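If you read the sequences in order, they're chains E and A.
Mapping to this note's numbering: the first sequence position 21 is 21, numbers consecutive.
Mapping to this note's numbering: the second sequence position 100 is 1100, numbers consecutive.
Ideal placement from N, C-alpha and C gives every residue a C-beta, glycine not left out.
Because the structure is a prediction, the values reported are computed rather than measured.
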Amino acid sequence: MGTRRDGPAVSASPAALADELRRLLVEVTGRADLADLPTDTPLFGAGAGLDSLTGAMLLRRVHREFGVDVAGEDMNLDAMETLGTLAAFIARR
Amino acid sequence: MIKCVVWDIDNTLLDGIYLESTGQPPDPDQELLAVLHTLSGRGILHALATRNPAEAVDYVQRATGVRFAAAECGWDSKADAIGRIADELSLGTDSLAFIDDDMLERAEVAAALPQVLVLTPEDAIQAPDWPDFSPDVVTSEGRRRADMYAARQRRQAEAASFGGSRDEFLRRVGTRIVIGLATQEDLPRLRELSVRTHQLNSADVPLTEQELGTLTGSAEHMLVIVALADDFGDDGLVGGAIVERNGFRPWLVPVVMMSCRALGRGVLDALLAWMCLVAANGGAPELAVPCLVSERNLPMRLALAAAGLRAAGGETSPDGRAIFKRSLEGGLPELPEWVHDATGLR
């Protein structure tokens, strides 16, 4: 466990961010098929099949690579609804 | 056989966080310091993988009196750091152990490098007795723990090469989750879970066997236990919960807790889904789960969110936890076929 770095400011478009998030999703789940995940598919459950572990790993990577602490800023984690909502949340920060 | 142990620094080798100290950095953890020296005495190497600046490495070498054969400082993944350490020391990753207090760091390394023996600091204190660390005498407990970790590594290797969804994997490896009600003999393990599961515990309050025992005899409460097994091994009792049955008023879940060893294996999802179904069957309009909100219990909040629970309007419990809740009218979660209800309540 270490202290957090302040990441680079986010200036990318939601579409470019969604692509970056797909890359991270593939890495944390080991599932190549998620490289084509639509932006409106639910991340949890039958959709992308994220669970509490892979979801937490994804948010940690987001924190490290984009400097956005989704878990700290969104108590209900509504940003984790879909890839699109997550990209939009990061783009607004 | 383990030839090199890769250590995290903050809250692992050091009894605190290096950069958060004012003045003198934290001292080494005394139990882990003893492990460090024991293993050095057997010719096992040590390395560091940390998110701290390089000065922390100098400090740890001075404070422990141990020379580290390699050190990686930085913000990329610890799996990559461990890969570089293996290259630098010309060791296979199957001869490395990794010790970190952070369950997500452990999960990342275990997923990317399934051959690495990944341990919590608590495990590491026992590890010198395990055959992997070549002690003179292997105790039967040491043998049992080593077998358990070997099973976990086989599961990780299978998961790493699987490529399908989590649910497909759980089905493929014969996952069996059994949800039941606690009896007297489950109380010591439940007490232990309440003391040890800080990261996956909605309350993080230690419970005594006596407190737990009164719940088993209470008509208004359910003391729920969850057991986990698959084709690789039997993990036994890995989770528990206390449910307050409130008839046709909202049901309350004062405690949900799970061993981090069960993370990623569908246990929290199953337990939350089961509680929704049982409460709905009992006539509850709503299920409420007060939960601490911290960086460390993020997986717990994600599981609550995935089960449809939300903390609306900043409502908190008397002890300051955020109250996550969901309606039980319609759209209830389903239990996968590998979850068995031993209570007959759903």
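- Distances from the alpha-carbon of A:A1160 to those of A:P1114, A:G1074, A:P1026 and A:A1229 put A:P1114 closest.
- DSSP places A:V1137 in the coil class of the three-state scheme, outside both helix and strand.
- Considering only A:D1230, A:G1239, A:R1249 and A:I1177, the residue with the shortest C-alpha distance to A:C1260 is A:G1239.
- Distance from the CA of E:R64 to the CA of A:G1344, rounded to the nearest whole angstrom, comes to 45 Å.
- Unbroken alpha helix (DSSP H) runs of no fewer than 4 residues, entirely contained in the stretch 47–72 of chain E, are found at 52–66, following chain order.
- When Cβ pairs closer than 8 Å are counted between the two stretches, the stretch 17–29 of chain E is seen not to touch the stretch 1080–1095 of chain A, the count staying below three.
- Within the stretch 22–33 of chain E, those residues whose Cβ lies closer than 7 Å to any Cβ of chain A are, in chain order, G30, R31 and A32.
- Secondary structure of A:M1001 (DSSP, three-state): coil.
- Excluding residues up to 5 positions away in sequence, nothing lies with its Cβ nearer than 7 Å to the Cβ of A:Q1024 in the same chain.
- The residue among A:A1111, A:T1183 and A:S1194 with its C-alpha nearest the C-alpha of A:Q1156 is A:A1111.
- For A:A1307 and A:L1223, the gap between their C-alpha atoms comes out near 20 Å.
- Taking 9 Å as the Cβ-Cβ cut-off, the stretch 49–64 of chain E approaches chain A at G49, L50, D51, S52, L53, T54, G55, A56, M57, L59, R60, R61 and R64, given in chain order.
- A Cβ-Cβ separation of about 15 Å leaves A:I1177 out of contact with A:V1278 under the 8 Å criterion.
- When the alpha-carbon of A:S1202 is set against those of A:N1297, A:E1072, A:S1040 and A:A1054, the nearest one is in A:N1297.
- When Cβ-Cβ separations below 7 Å define contact, A:A1305 makes contact with chain E.
- For A:W1274, the enclosing alpha helix (DSSP H) begins and ends at V1267 to N1281.
- Nearest to E:L53 by alpha-carbon distance, out of A:L1117, A:V1109 and A:I1017, is A:V1109.
- Rounded to the nearest angstrom, the gap between the Cα atoms of A:R1171 and E:M80 is 25 Å.
- Pairing A:V1060 with A:I1009 gives a Cβ-Cβ distance under 7 Å.
- In this structure, A:A1047 places its C-beta atom within 7 Å of the C-beta atom of A:C1004.
- When the beta-carbon positions are compared, A:A1070 and A:L1096 stay at least 7 Å from each other.
- E:V62 and A:T1216 have their C-alpha atoms some 43 Å from each other.
- Contact annotation: E:A18 and E:A71 have beta-carbon atoms that are not nearer than 7 Å.
- Taking a C-beta distance under 7 Å as the contact criterion, A:L1228 and A:V1267 qualify as a contact pair.
- In this chain, the alpha helix (DSSP H) harbouring A:H1037 covers Q1030 to G1041.
- Ranked by how close their Cα comes to the Cα of A:W1251, the residues A:F1324, A:V1195, A:I1002 and A:E1168 have A:F1324 in first place.
- Closer than 7 Å to the CB of A:R1166 there is at least one CB belonging to chain E.
- The CB of E:L77 comes closer than 7 Å to the CB of R1301, L1302 and A1305 in chain A, given here in chain order.
- Only D1100, D1101, D1102, M1103, L1104, E1105, A1107, E1108, A1111 and A1112 from the stretch 1097–1126 of chain A bring a Cβ to less than 9 Å from some Cβ of chain E.
- Identification of residues in the stretch 1280–1296 of chain A having a C-beta nearer than 7 Å to some C-beta of chain E yields V1293 and E1295, given in sequence order.
- Note on A:G1142: 16 or more other CB atoms within 10 angstroms of its CB, so buried under the neighbour-count rule.
- Taking the Cα positions, E:F44 is about 17 Å away from E:F89.
- Looking at A:V1116, A:Y1149, A:G1283 and A:E1220, the one whose alpha-carbon comes closest to that of A:T1093 is A:V1116.
- Here A:S1327 carries a strand assignment [DSSP, helix/strand/coil].
- Pairing A:P1131 with A:A1151 gives a Cβ-Cβ distance that is not under 7 Å.
- Going by DSSP, E:P14 is part of the alpha helix (DSSP H) stretching over P14 to T29.
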